[in-house]
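Same order as they appear, the protein sequences are chains A and B. Quick note on numbering: the working numbering labels position 10 of the first sequence as 14, and the sequence is numbered without any gaps. Quick note on numbering: the working numbering labels position 135 of the second sequence as 138, and the sequence is numbered without any gaps. Backbone N, C-alpha and C define an ideal beta-carbon position, used for all residues, glycine too.
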Amino acid sequence: MRRFDYYRAETLEHASRLLTELGDDTFLFNGGTDLLVEIRERLRRVRNVVDIKQIPGLSDITYDETRGLTFGALVTVGRLENLSLVRQQYPNLRAALASLGSIQVRNRATVVGNICRASPSADTIPPLVADGAFVHIYSRTDMRVVPIAEFFTGPGKTVLAKGEIVTGITVPPAADNIGKAYLKHGRRKAMELSTVGVAVSLAMDEGVCSDVRIALGAVGATVLRAPQAEAMLRGSRLDAATVRKAADKAMEECTPISNVRASADYRRDMVGVLTGRAIRQALETFA
Amino acid sequence: MKRMVEFIVNGEAREMAVDGCRSLLDALRDDVGLTGTKKGCDVGDCGACTVLVDGEPVNACLMLAVEAEGRSVETVEGLQPGVDRLHPLQDAFMRHGASQCGFCTPGILMMAKKLLDDNPSPTDEEIRFGLSGNICRCTGYTKIFDAIKSAAREMEAARP
């Protein structure tokens with residue numbers, strides 16, 4: 005492996021100071037399932053890693069009915085995947101968690117790491133965007149909370165300034181009138197990066213859609229919302245014709261590229277198919 | 004800079020001095036001398052390096068040796084219940100010919116052990132899901148699944 009120096013941070017303040025003082029090519033080391041691969045495949049130049057796994061207070065998972073689900077930066081994908089609360093209240097997030105890498109990878113990888121890596125194809129981002137999650141960010145001068153849709157600024161890029169550290173994520177509470185789905189499309193079922201991922205969270209009041217968020221993964225520089233498609237669904241009874249029109253609109257709203265996994269045209273077509281399917285699946289919650 | 008790491012390997016306390024950038028996989032194979040754990044892809048795709056850390060399966064290539072401090076690591080060498088005695092999974096893999104080149108076998112045995120510890124009689128689907136991070140390029144998996152099901156039955160029958 006390419007050589008690097010290893011630092012173990014004792015506190016957030018310590019980690020933040022190391023990040024700024026050690027200079028460029030210094031990276032936080034959390035689950036490490038992406039970082040170590042990038043080092044070994046020489047995709048990222050890394051001189052120092054700062055391990056944050058010994059910092060106390062970042063491993064908690066809490067839920068309350070007004071705030072929702074909050075989990076710390078060290079919470080692994082596997083730990084969340086196996087929580088019955090996540091299974092029951094956050095089936096979209098749960099589908100994304102269970103489709104990420106392998107069991108071995110999920111035992112190390114963290115959701116916070118997945119979002120900080122800011123890959124447009126990251127599995128956990130679409131459901132968190134569809135659910136309107138918030139990102140908690142520490143800096144040595146203050147704490148700030150950012151809506152997850154505003155967290156990403158480009159492929160691999162986020163609003164994090166040097167020395168800032170994401171400490172956790174809060175996902176708003178589920179409710180009886182909210183239906184959710186996440187559909188991942190790839191070339192195989194397991195150990196796959198998403199070709200297209202679509203998450204939908206929608207609220208129904210007396211048979212009418214009162215709110216909906218559609219999040220599209222791997223079809224833009226960041227995970228995208230489909231605001232025009234959402235507007236077509238809001239206030240409707242989500243009949244087949246409206247759902248079809250909204251799915252077509254989502255195809256117009258995405259901005260896919262062609263790469264090794266699929267062509268832009270194919271991705272766009274799949275956005276149409278998966279958006280319709282995800283809305284129908286979210287509705288099945290009420291059936 | 005080397006760091007001292009104290010950890011438990013297959014029930015035995017160990018101490019080693021490792022560089023911060025050394026993977027647990029390299030440390031196990033080259034420093035501890037346990038070469039049963041294989042290096043396939045070295046990037047977390049193949050599962051040949053699967054070991055159990057505090058009972059949970061991880062890719063040893065995606066963990067740093069320094070992170071093993073204070074933790075318990077189980078490798079395929081620790082699977083045997085005693086000298087000249089095989090774990091039912093090892094025995095079943097031999098009887099079913101569930102191994103051709105054998106490179107994936109240690110990782111699959113560790114993953115299968117975890118699977119059966121958690122779920123003594125898994126369905127075919129549960130076995131497939133459990134092993135989706137372990138790639139075998141020789142056998143086509145049929146014999147591997149047969150061996151795991153056979154071991155599950157024997158372990159279930161042997162339970163008091």
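- Distance check between Tyr10 (chain A) and each of A:Thr80, A:Asp269, A:Phe31 places A:Phe31 closest, using alpha-carbon atoms only.
- With a threshold of 7 Å between beta carbons, Ile107 (chain A) makes contact with chain B.
- Each of A:Gly76, A:Ser267, A:Ile173 was checked against the Cα of Ile59 (chain A), and the nearest Cα belongs to A:Gly76.
- The beta carbon of Leu89 (chain B) sits closer than 7 Å to those of Gln83, all from its chain and outside the five residues before and after it, given in chain order.
- Ile151 (chain B) has its alpha-carbon roughly 12 Å from the corresponding atom of Glu159 (chain B).
- DSSP links Cys49 (chain B) through a beta bridge to no other residue.
- Fully contained in the region 88-166 of chain A are the following alpha helix (DSSP H) runs of length 4 or more, in chain order: 88-93, 95-102, 107-110, 115-121, 129-134.
- Cβ atoms of Gly221 (chain A) and Ile107 (chain A) stay farther apart than 8 Å, at about 22 Å.
- Rounded to the nearest whole angstrom, the C-alpha separation of Glu257 (chain A) and Asn34 (chain A) is 34 Å.
- Residues of the region 96-127 of chain A with a Cβ closer than 8 Å to any Cβ of chain B, in chain order: Gly105, Ser106, Ile107, Gln108, Val109, Asn111, Arg112.
- Contact note: Tyr94 (chain A) does not reach chain B at a C-beta cutoff of 8 Å; the least C-beta distance is about 20 Å.
- Excluding five sequence positions before and after Glu80 (chain B), the CB atoms of its chain that fall closer than 7 Å to its own CB belong to Asn13, Leu37, Gly39, given in chain order.
- If you look at His189 (chain A), you'll find it in the beta strand (DSSP E) that goes 182-189.
- DSSP, read as helix, strand or coil, puts Val86 (chain B) in coil.
- Counting every other CB atom within 10 Å of its CB across the protein chains shown gives Glu128 (chain B) a total below 16, marking it as exposed.
- Interface criterion not met: the Cβ of Val204 (chain A) is under 7 Å from no Cβ in chain B.
- Counting C-beta pairs with one atom in each stretch, the region 137-146 of chain A and the region 16-28 of chain A have three or more that are closer than 8 Å, which means they touch.
- When beta bridges are read from the DSSP output, Asp215 (chain A) appears opposite A:Ala207.
- The region 205-220 of chain A makes contact with the region 238-254 of chain A, as at least three CB pairs between them are under 8 Å.
- CA-to-CA, the gap between Thr37 (chain A) and Pro231 (chain A) works out to about 33 Å.
- Interface flag for Arg284 (chain A) against chain B is unset, since no Cβ pair is found closer than 7 Å.
- At a cut-off of 7 Å between beta carbons, Cys104 (chain B) makes no contact with chain A.
- Annotation for Ser214 (chain A): Ala207 place their beta carbon closer than 6 Å to its own, counting only its chain and skipping 5 residues before and after.
- At a cut-off of 7 Å between C-beta atoms, Leu65 (chain B) counts as an interface residue with respect to chain A.
- For Arg98 (chain A), the CB contacts under 7 Å within the same chain, skipping 5 residues up- and downstream, are Glu85, Val90, Arg91 in chain order.
- The Cβ neighbour count for Phe290 (chain A), taken over all protein chains shown within 10 Å, is under 16; the residue is labelled exposed.
- Contacts between Met195 (chain A) and chain B, judged by CB atoms closer than 7 Å, involve Asp48, Ser135, Gly136 in chain order.
- Only Phe33, Gly35, Gly36 from the region 20-36 of chain A bring a Cβ to less than 9 Å from some Cβ of chain B.
- Glu9 (chain B) has B:Glu18 as its beta-bridge partners, per DSSP.
- Under the three-pair Cβ rule at 8 Å, the region 157-167 of chain A does not count as touching the region 184-192 of chain A.
- When DSSP states are grouped into helix, strand and coil, Pro91 (chain B) belongs to the helix group.
- Contact of Tyr186 (chain A) with chain B is not assigned, every C-beta pair being separated by 7 Å or more.
- Note: Arg229 (chain A) is bridge-paired with A:Ala219 in the DSSP secondary-structure output.
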